[in-house]
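Novice: Before anything else, here's the structure in question.
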Amino acid sequence: MTRSAIVVAGGYSRRFGDREKALATLEGIPMLVRVARAVSPAVDELVVNCRADQRPDFERALASVNLDAGVRFAIDQRTDEGPVTGLRRALETATGESAVVVPCDLPLLETRFVDRLFDSHRRADTAAVVPRVDGYLQPLCAVYTVSAALEACTTTLEADRYRLFDVLDELDIAVLEEQRLEEWTEPARLEAIDTPASLQRLRERKVETAVPRVTTGLER
3 MTRSAIVVAG GYSRRFGDRE KALATLEGIP MLVRVARAVS PAVDELVVNC
53 RADQRPDFER ALASVNLDAG VRFAIDQRTD EGPVTGLRRA LETATGESAV
103 VVPCDLPLLE TRFVDRLFDS HRRADTAAVV PRVDGYLQPL CAVYTVSAAL
153 EACTTTLEAD RYRLFDVLDE LDIAVLEEQR LEEWTEPARL EAIDTPASLQ
203 RLRERKVETA VPRVTTGLER
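Its first residue numbered 3, the sequence shown is counted upward by one per residue in our numbering.
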């Protein structure tokens, strides 16, 4: 089964102020690059969902490092229409039969966790495998059957429903419960870094980042 990775990066990140969250750095490496390097060894292609104005900087950042998968862009036709619209656009672009969907702000994501999600999805024979963290399902850290997820996004939007949880309601899913999740990865690695303060706290923590330092010219 061919695999895609979808990195959702098209939001305006208002909680991050006037900075582009995806290009904010940890140890000199943009979060977008960290996520791309984590997912690319596990997939056949990388699809980045973003706005047209973001693409030049994102392309430059990703071109500055060697990735194990080719990069394609799924550009939002209209801006700020919500995550379901962006996800549908990315699923339309993806060529894989299954896809891991992740946000751009998980800089501690590990390849081995992504591989295990794909393996769990293959064995589960469901349309998606979705982790539960702190009691909540994580639709943006999950593996989907692309065709089923695309249909679910379309159905959800046609019903004027715009939450990712509405998409999950349309799918037959397997839940990766927290006890099993903790056997696969540290839950802290799945914490979204969505404010400058949370990024600074992460910088001050002694956490194994698992990504070698690279020079990107985008340090901030």
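Heads up, the beta-carbon is just placed ideally off N, CA and C, and yes, glycines get one too.
I'd like to confirm the pairing. Which residues does DSSP put opposite PRO141 in its beta bridges?
Specialist: Within the sequence shown, the letter at position 139 stands for residue 141. Per DSSP, none; premise fails for PRO141.
Novice: Should LEU93 and PRO133 be called a contact, given that it needs their Cβ atoms to be closer than 7 angstroms?
Specialist: Residue mapping note: residue 93 aligns to position 91 of the sequence shown, counting from 1. Residue mapping note: residue 133 aligns to position 131 of the sequence shown, counting from 1. No. Outside cutoff.
Novice: Taking 6 angstroms as the limit between beta carbons, can you name the residues of its chain near PHE115, skipping five residues before and five after?
Specialist: On the sequence shown, position 113 is the one that residue 115 refers to. Answer for PHE115: TRP186 and THR187, listed in chain order.
Novice: Report yes or no: do the region 90 to 104 and the region 143 to 160 share at least 3 C-beta pairs separated by less than 8 angstroms?
Specialist: Yes, the region 90 to 104 is in contact with the region 143 to 160.
Novice: By how many angstroms is the C-alpha of ASP55 removed from the C-alpha of GLU112?
Specialist: Counting from one through the sequence shown, the residue named residue 112 turns up at place 110. Counting from one through the sequence shown, the residue named residue 55 turns up at place 53. Distance between the alpha carbons of GLU112 and ASP55: 29 angstroms.
Novice: Secondary structure at VAL67, three-state DSSP: helix, strand or coil?
Specialist: Here residue 67 corresponds to residue number 65 of the sequence shown, with the count starting at 1. Residue state, collapsed to three classes: coil.
Novice: Which of the three DSSP states, helix, strand or coil, is assigned to PRO105?
Specialist: Working through the sequence shown from its first residue, we reach residue 105 at position 103. In the structure shown, PRO105 sits in a strand (DSSP, three-state: E or B).
Novice: Extract the residue ranges of the alpha helix (DSSP H) inside the region 126 to 207, only unbroken runs of 4 or more that lie entirely within it.
Specialist: 148 to 160, 166 to 171, 180 to 186 and 198 to 206, all fully within the region 126 to 207.
Novice: Return yes when the Cβ of VAL10 is within less than 7 angstroms of the Cβ of ASN51, no when it is not.
Specialist: In the sequence shown, residue 51 corresponds to position 49, counting from 1. In the sequence shown, residue 10 corresponds to position 8, counting from 1. Contact flag set, yes.
Novice: Sorted by chain position, which residues of the same chain lie with C-beta nearer than 6 angstroms to ASP2's C-beta, five sequence neighbours on each side aside?
Specialist: It is not possible to answer for residue 2, since the shown part of the chain is limited to 3 through 222.
Novice: Please state the DSSP three-state secondary structure of HIS39.
Specialist: For the purposes of this step, residue 39 is taken as the residue at position 37 of the sequence shown. With the sequence shown as reference, residue 39 is identified as Arg, and His is not the correct amino acid for it. DSSP places ARG39 in helix when its eight states are reduced to three.
Novice: Buried or exposed: where does GLY19 fall if 16 or more other Cβ atoms within 10 Å of its Cβ makes it buried?
Specialist: Taking the first residue of the sequence shown as position 1, residue 19 is located at position 17. The residue is exposed, with fewer than 16 neighbouring Cβ atoms inside 10 Å.
Novice: Where does VAL213 land, buried or exposed, given buried means 16+ other C-beta within 10 angstroms?
Specialist: Translated into the one-based positions of the sequence shown, residue 213 becomes position 211. Bear in mind that a pLDDT of 49 at VAL213, under 50, signals an unreliable position, so the model cannot answer this.
Novice: What is the DSSP secondary structure of ALA7, reduced to helix, strand or coil?
Specialist: As a first step, residue 7 is located in the sequence shown; it is residue number 5 there, counting from the start. In the structure shown, ALA7 sits in a strand (DSSP, three-state: E or B).
Novice: What residue range is occupied by the uninterrupted beta strand (DSSP E) comprising ARG74?
Specialist: As a first step, residue 74 must be located in the sequence shown, where it is residue number 72. Its beta strand (DSSP E) spans residues 72 to 77.
Novice: Given this structure, state the Cα-to-Cα distance separating ALA27 from ALA96, to the nearest angstrom.
Specialist: In the sequence shown, counting from the first residue as 1, residue 27 sits at position 25. In the sequence shown, counting from the first residue as 1, residue 96 sits at position 94. Here residue 27 is Thr; the residue named in the question, Ala, does not match the sequence. Cα-Cα distance, rounded: 27 angstroms.
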